[in-house]
Every structure is written in structure tokens, then in C-alpha cells.
Amino acid sequence: MLELRPNCELCDCNLPADSDQARICSYECTFCASCVDDVLHNVCPNYGGGFVSRPIRPKTARKDGVSRAHQKPSDQRKVAKLTRQQMIAFAAAHKAVPPAQR
Ligand SMILES: [Zn+2]
Ligand SMILES: [Zn+2]
Numbered sequence: 474m475l476e477l478r479p480n481c482e483l484c485d486c487n488l489p490a491d492s493d494q495a496r497i498c499s500y501e502c503t504f505c506a507s508c509v510d511d512v513l514h515n516v517c518p519n520y521g522g523g524f525v526s527r528p529i530r531p532k533t534a535r536k537d538g539v540s541r542a543h544q545k546p547s548d549q550r551k552v553a554k555l556t557r558q559q560m561i562a563f564a565a566a567h568k569a570v571p572p573a574q575r
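Heads up, our numbering is the position in the sequence shown plus 473, with the first residue counted as 1.
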């Protein structure tokens with residue numbers, strides 16, 4: 474099950490579970506759309522893959538036992554181990570290669 478993380482690893486803005494601004498990589502690294510588009514250029518600074526829009530888990534149980542109330546979003550804020558400059562340098566080195574070819 475996907476961990477719905479509460480913040481952007483880079484700028485630390487809030488990304489609540491119903492946000493349409495959350496982006497995730499295949500390892501669940503979570504960033505906001507503006508950091509992904511303007512700073513990271515669709516390169517995960519931790520693993521090198523691309524990002525997609527984070528799906529929104531339903532608020533209301535449309536099936537028994539399945540909703541944000543049942544499988545709760547994480548409340549553990551995540552802070553990257555890399556510096557902003559390290560992220561920018563990594564993204565710059567790999568952004569020219571499309572995710573499918575990285
Ligand atoms: Zn951000
Ligand atoms: Zn990642």
C-alpha cells in the first residue's frame with residue numbers, strides 16, 4: 474500500500490492526502506508539483522526515476538474497510554538527506570534522459 478506522505482521532501486510544503494499537487498516516484502519519494510517541474514525536472518533526486526501524480530485515496534469507504542479513514546495517510550514528515558544543491562546537480566545531470574530510458 475502506498476504511503477501517503479504529508480509534505481514535499483524539498484520545500485517542505487504540506488501535501489495533504491487530497492492534494493492534487495503531490496508527485497511520487499516509484500519508491501514513494503514525495504515532492505510537490507512545483508519542485509518536480511521547476512527544480513527537479515522530473516528526476517527523483519534519491520533514485521533517478523520520474524514522477525507521476527499521486528493518486529487520491531477515497532475519503533469515503535466506497536467498499537467496506539477501504540478509505541483514508543481505514544488506511545490513514547502518514548503523519549511523519551519526511552526531510553531529504555540531500556541538500557537542495559545536491560538535488561539540483563543530480564537532476565541537471567540526468568534530466569535530458571527521459572524516465573523510460575533512464
Ligand atoms: Zn516542493
Ligand atoms: Zn524517489
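Just so it is clear, CB atoms sit at the ideal spot from N, CA and C, and this is done for glycine as well.
Sequence-distant residues of the same chain with beta carbon closer than 7 Å to PRO546, five excluded per side:
LEU477, PRO479 and ALA490
Check whether the Cβ atoms of VAL512 and LEU483 sit closer than 8 Å, and answer yes or no.
yes
Considering only heavy atoms of ligand 1, does any lie closer than 7 Å to the CB of LEU475?
no
At the level of alpha carbons, what is the spacing between ILE561 and PRO528?
26 Å
So PHE585 and PRO518 are in contact, right, with Cβ under 8 Å, and what is the actual spacing, rounded?
Since the first residue shown for the chain is 474 and the last is 575, residue 585 is missing from the structure and cannot be characterised.
Enumerated in chain order, which unbroken segments of the beta strand (DSSP E) with a length of 3 residues or greater are wholly contained in the region 482-567?
495-497 and 503-505
CB contact flag (ARG496, SER540, <8 Å)
no
Taking 7 Å as the cut-off, is the beta-carbon of LEU483 closer than that to any non-hydrogen atom of ligand 1?
yes
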